[in-house]
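Report on the following structure.
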Amino acid sequence: MSRLGMFLVGALALGLTACGGPEQAEDGTEPQMASAQQELTQYCGLNCPSGQHPTTYLCSSSCGSFCTNTNNAVQCDTNAGSSFTSCGTTCPSPYHVTSTYGSYNCSKTIPYLSGNNTVICSL
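So the sequence shown is residues -25 to -1, 1 to 98, counted in mature numbering (1 follows the signal peptide of the UniProt record, and there is no 0).
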């Protein structure tokens, strides 16, 4: 290999080493990305399992039927923290309703009809 070729290979190797990939913590573990967004779980139907509350009603092709007048899926989140927003008009115990309003995301019907369908639940 020519001197120029060896120089280019060395420079490339040095550049890749300097750039590297994602930095690792000194203990060798992968860094964690901070995120305020919580993990939501989607279910077919319009009900969440016990311990979770609905955050959005939607039409999902993976739930089979075509949505004409009613959504066919729900996104749910865990009942946790000092407060959360939930679709519906009530809160799970021990939370209580502190505010209500209407939201397109919490409409079970297509199109969204007016009215309160969303609550803020607080301890």
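Think of the CB as a built atom: it goes at the ideal place given N, C-alpha and C, for glycine as much as any other residue.
Can you name, in chain order, every residue of its own chain whose Cβ lies under 8 Å from the Cβ of Thr64, other than the five neighbours on each side?
-> Val72, Thr75, Asn91, Asn92 and Val94
Range of the contiguous beta strand (DSSP E) that encloses Leu33:
Start and end: Gln27 to Leu33.
message = Between Asn47, Tyr70, Thr43 and Ser37, which has its C-alpha nearest Thr53's C-alpha?
response = Tyr70
**Message:** Considering just the uninterrupted stretch of the beta strand (DSSP E) at Ile95, what are its terminal residues?
**Reply:** Thr93 to Ser97
Let me make sure I understand the geometry here. Which of Asn47, Asn46 and Gly77 has the alpha-carbon closest to that of Ser61?
Gly77
- request: Select from Lys83, Ser97, Ser89 and Cys96 the residue whose C-alpha is nearest the C-alpha of Thr43.
  value: Nearest of Lys83, Ser97, Ser89 and Cys96 to Thr43, Cα basis: Lys83.
Handout entry: Cβ shell of Cys23 (< 8 Å), same chain only, five flanking positions each side left out
Key = Pro29, Val49 and Cys51
* **Nearest candidate by alpha-carbon position, reference Ser37, set Phe59, Cys19 and Glu14** => Ser37 has its Cα closest to that of Cys19, out of Phe59, Cys19 and Glu14.
Give the DSSP-derived three-state secondary structure of Glu1 in the structure shown. Here Glu1 scores only 45 on pLDDT, less than 50, and its place in the model is too uncertain to base an answer on.
Give me the residue from Ser89, Asn47, Ile85 and Cys66 with the minimum Cα distance to Ser35.
Asn47
### Query
How would you write the range of the beta strand (DSSP E) that Phe59 sits in, first residue to last?
Ser58 to Cys62
Note down, in chain order, each residue of its chain lying with its Cβ closer than 7 Å to the Cβ of Cys66, except the 5 sequence neighbours on either side. Val72, Val94 and Cys96
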